[in-house]
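Colleague:
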Amino acid sequence: MAYILKGNSIARALTDPLVEQTQQLQKIGVFPTLAILRVGARQEDISYETAILNRCAKIGIRVKRFIFPKNCTKEQIIDAVERINSDKYIHGCLVLRPLPDRAIEEAVCNLLAPEKDVDCITPESLAGVFMGKSIGYPPCTAQACIEILDHYGIEIKGKQVTVIGRSLVIGKPVSIMLENRDATVTMCHTKTSKLKDICKSSEIIVAAAGNCEMIDTSYVSAGQIIIDVGVNTNKKGEFCGDVKFDKVESVVSAITPVPGGVGAVTTSVLCKHVVEAAERTQV
366 MAYILKGNSI ARALTDPLVE QTQQLQKIGV FPTLAILRVG ARQEDISYET AILNRCAKIG
426 IRVKRFIFPK NCTKEQIIDA VERINSDKYI HGCLVLRPLP DRAIEEAVCN LLAPEKDVDC
486 ITPESLAGVF MGKSIGYPPC TAQACIEILD HYGIEIKGKQ VTVIGRSLVI GKPVSIMLEN
546 RDATVTMCHT KTSKLKDICK SSEIIVAAAG NCEMIDTSYV SAGQIIIDVG VNTNKKGEFC
606 GDVKFDKVES VVSAITPVPG GVGAVTTSVL CKHVVEAAER TQV
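Numbering (the numbering used here), first residue to last: 366 to 648.
(1) I need the DSSP call for ASN419, collapsed to helix, strand or coil.
(2) What did DSSP end up calling LYS429 once you bin it into helix, strand or coil?
(3) If you pair each beta-carbon of the region 534-553 with each one of the region 400-407, do three or more pairs fall below 8 Å?
(4) Within 10 angstroms of the Cβ of GLU568, are there 16 or more other Cβ atoms? Answer buried if so, exposed if not.
(5) Could you compute how far the alpha carbon of LYS423 sits from the alpha carbon of CYS485?
(6) Rounded to whole angstroms, what is the Cα-Cα separation between GLU470 and GLN508?
(7) Could you compute how far the alpha carbon of SER490 sits from the alpha carbon of ASP482?
(8) Rounded to whole angstroms, what's the CA-CA distance from ILE541 to GLU520? Just pull it up for me.
(9) What's the C-alpha gap between GLU512 and ILE580?
(10) Whose C-alpha, out of CYS510, ILE592, VAL428, is nearest the C-alpha of VAL460?
(11) Considering only the alpha carbon of each residue, which of ASN475, GLY457, ASP466 lies closest to TYR502?
(12) Does DSSP put VAL606 in a helix, a strand or coil?
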């Protein structure tokens, strides 16, 4: 039976100091504020947004929501981003991705002010991750994976890690962040040849393929650590990860649950970035 790497205790450890930081900022008239931009009504997006609203309320972070229907125009989205950029009372912006239109998403990523990019979607922030420099903020979910490993005392240095997923949202940045911590990383995807063999030979697996319960016992081996980043909805309409939890748990050493794992930490990392962005305006 695997040890369950729950995210709630990590979220509390990250959240508690933010309450004090936010109160100190409020005393000098600074109210940390997050803008959320969402297009459409995907169940996963709404669930994440709700979790963010709850976390922000606990900390004292204000939230401004920019919600558009799936059939909105590019001009509407661009106008919203420009308003976010020009509003000095908004310190950070989260764009719930993927957006329905790739061209619009690319335009948003290029337009958002880097200093308000709290989830690493702009070219400047991504460059900071890939160069190992403190430019902007790392992707919240990728950072959450690191936070979980650190919190539970799981060594990263020298470990063989397989990352399944190659997106700029999670797969690529978390691979670089793990390499920056001296892990040896193999970045794979659903079309990788001999993927099961690669996974079975690794010590840590980060599952970020966005493929509902694709990782079963044929991918894993005893003693492994599994970080399940997937947020999917199964045929029963239930949230699940990329890992078939009820099967894999009996084989591996430790595993994050879905829900209750990476997601809980991600919202706390996001809030930390917003508070830091607010603090930077006072420097």
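Glycine included, C-beta positions come from ideal geometry on N, C-alpha and C.
Modeller: The structure says:
(1) helix
(2) Looking at LYS429 - three-state DSSP - the assignment turns out to be strand.
(3) no
(4) Per the 10 Å Cβ criterion, buried.
(5) 24 Å
(6) Per the coordinates, the alpha-carbon of GLU470 lies some 22 Å from the alpha-carbon of GLN508.
(7) 7 Å
(8) 16 Å
(9) 22 Å
(10) VAL428
(11) GLY457 is the residue among ASN475, GLY457, ASP466 whose C-alpha sits nearest the C-alpha of TYR502.
(12) As written in the sequence, residue 606 is Gly, which differs from the Val given in the question. It is coil, neither helix nor strand.
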